[in-house]
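Residue numbers for the sequence shown follow the UniProt record's numbering, beginning at 2 and rising by one. Glycine is no exception: its CB is placed at the ideal position from the N, C-alpha and C atoms.
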Amino acid sequence: NKSSFGLIGLGVMGKNLSLNIAEKGHSLSVYNRTIEGEEKVVNEFLELQEEHMRINGFTSLNNFIDSLEHPRKILIMIKAGKAIDQLIDLLTPLLSEGDILIDGGNSHYQDTKRRQQFLKEKKINFIGLGISGGEEGARKGPSLMPGGDLQSYDMVAPVLESIAATDIRGSKCCSYIGPDGSGHFVKMVHNGIEYGEMQLLAEVYALLSVSRSNEEIKELFVEWNSGNLNSYLLKITADILTAKEGNRYVLDLILDKAGNKGTGSWSTKAAFDLGTANTMMASAVFARYISSFKDKRSALSKLITGSSDSDSNIHNKTIKKAYEFARIINHQQGFQLLNEASKLYKWRLNLSEISRIWTNGCIIRSELMNNCISYFSNNHDLFENSNIIETLKANEQAIKSVLINGLTNRVPLDVFSAANNYWIAMTTERLSANIIQAQRDYFGAHTYQRVDASNHNFFHTNWHKL
Ligand code: NBP
2 NKSSFGLIGL GVMGKNLSLN IAEKGHSLSV YNRTIEGEEK VVNEFLELQE EHMRINGFTS
62 LNNFIDSLEH PRKILIMIKA GKAIDQLIDL LTPLLSEGDI LIDGGNSHYQ DTKRRQQFLK
122 EKKINFIGLG ISGGEEGARK GPSLMPGGDL QSYDMVAPVL ESIAATDIRG SKCCSYIGPD
182 GSGHFVKMVH NGIEYGEMQL LAEVYALLSV SRSNEEIKEL FVEWNSGNLN SYLLKITADI
242 LTAKEGNRYV LDLILDKAGN KGTGSWSTKA AFDLGTANTM MASAVFARYI SSFKDKRSAL
302 SKLITGSSDS DSNIHNKTIK KAYEFARIIN HQQGFQLLNE ASKLYKWRLN LSEISRIWTN
362 GCIIRSELMN NCISYFSNNH DLFENSNIIE TLKANEQAIK SVLINGLTNR VPLDVFSAAN
422 NYWIAMTTER LSANIIQAQR DYFGAHTYQR VDASNHNFFH TNWHKL
């Protein structure tokens, strides 16, 4: 009896996805590499199997491959990067024409495209699958973003759709994204938006903790979460705030150095390549880097003596409005990056459908994401929606107050500032870029366009002669 599906890599994600797949009634073969004859990983995993599940474990790649029905459908859940190429090299001689490999790791979309082309020559199909939801999502229902050849997707859709989260209308949070690396690109931008959302909450916490207790902040977050600001990240941050070990907050025991696995900087680099202004995710990435300079920060902090000003008079409502404002900007920028990539790579991304599969199972699920389904059914840009513009206009004063409060209290507000600057610039008809153009022309004869010329010609001024 051959298995209908295979999974390689029994790490955190692989184990939970395997249990999820088997629970949905699919027969499954699993494989994990064995280092120095140690078969513990596979054996320990098989003990987690429940009675009704049909999982077979393997420590030999040959036996694993032989155990699968044709065409083989194999989900790879190992560390992204070189390990994937090494595994593909081991797998290709064992596979047959028409087999389908699915990479569920956080691989770079350009690597996915390269691997698809390489495997296509061998008549093996390759799907780049973005997965969000972490450990819990993997077990109970993740959000899935598959990209590659549509016919191959159709063949694995019954398994992928059966394990995905369900949205409020009962549809699965798994949808064909588009060709080549589009699934991994969309997952990467998901993470970029996630960086912005997380940093915003960290900044709200920093500002509020000037004058409020963790309990008070939690109460506020719980209240916000019952309305239109509802989100998974807000909910877990509320939980985190009051978690204690003995009589100490866990938060106070955690070193203030933020880690990262690179997807935020990949998104930001993609924004540079595509010429989009993803200032919030970029600021969030840099804020993490700055936090990691702990020793330098500690040393320099000793040089700042004397009491700085402080102002604890900021209203809860003001912070709430500023937070609402900045979240909209973060989403506007994130979807804009998707839209630009879609145009350049001809992916025909459906932003409304992407919003829908991000409404459950994933880390950035929220009420705002729910609303994005309808916002993007007619438009490609949140700024084209009049309700969005009205909300941003109505909250502009609040973000200004929040930034002033941050300056007064010496609290860095990287992403709030980025959100505000972007909005101000985007709603300003004439910016100071005329100076930039003049400087470029002065030192490098780079030329500039003129406001008094009706055509789009470029002009040069001999600045030294004026
Ligand atoms: P883990 O670190 O828990 O597991 C990594 C797995 O990769 C283990 O099974 C490990 O085998 C295997 N592996 C490595 Br490392 N190098 C290998 C190689 N050269 N050949 C074969 N197998 C190799 O990672 P995870 O959190 O399960 O993440 C797996 C993938 O899913 C990553 O790409 C990650 O970015 C992505 N992802 C993670 C999350 C999350 O929330 N954790 C969410 C979404 C996507 P071993 O047991 O022998 O070391």
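| query | result |
| --- | --- |
| Collapsed DSSP secondary structure at Y177 in the structure displayed | coil |
| Inter-residue Cα distance where the pair is residue 482 and M370 | Because the chain spans 2 through 467 in this model, residue 482 falls outside it and cannot be assessed. |
| Extent of the continuous alpha helix (DSSP H) to which K16 belongs | V13 to E24 |
| Own chain residues within Cβ distance below 7 Å of I330, not counting five before or after | M281, A420, Y423 and W424 |
| E246, DSSP secondary structure in three states | strand |
| C-beta neighbour in chain D for S19, strict 7 Å | Looking at the structure shown, chain D is missing, and only one protein chain is on hand. |
| Option nearest G99 by Cα separation, candidates K16, K80, I128 and S108 | I128 |
| Beta-bridge partners of P147, as assigned by DSSP | L130 |
| Sub-7 Å separation of L201 and V403 beta-carbons | no |
| The segment 331 to 346 contacting the segment 181 to 198, beta-carbon criterion three pairs below 8 Å | yes |
| Near ligand 1: V13 beta-carbon under 6 Å from a heavy atom | yes |
| Heavy atom of ligand 1 within 6 Å of K80 beta-carbon | yes |
| Burial state of E216, where buried means 16 or more other Cβ atoms lie within 10 Å | exposed |
| Anticipated Cβ contact below 8 Å, T167 with N21, distance rounded | In fact, because the Cβ distance is near 13 Å, the residues do not count as touching under 8 Å. |
| Reduced DSSP category for W299 - H, G, I as helix; E, B as strand; rest coil | This sequence places Ser at residue 299; Trp is not what is there. Correct three-state label for S299: helix. |
| Alpha helix (DSSP H) segment containing Y206, residue limits | S183 to L209 |
| L88 beta carbon near ligand 1 (any heavy atom closer than 6 Å) | yes |
| Same chain only: Cβ atoms within 8 Å of L234, ignoring 5 sequence neighbours per side | E195, E198, M199, L202, I364, I365 and S367 |
| Among L69, K80 and V187, the one whose alpha carbon lies nearest that of E262 | In the sequence as presented, Glu is not what sits at residue 262; that position holds Lys. When only C-alpha atoms are compared, the closest one is K80. |
| DSSP bridge partner residues for residue 523 (one or two, in chain order) | A query on residue 523 cannot be resolved here, the shown segment of the chain reaching from 2 to 467 and no further. |
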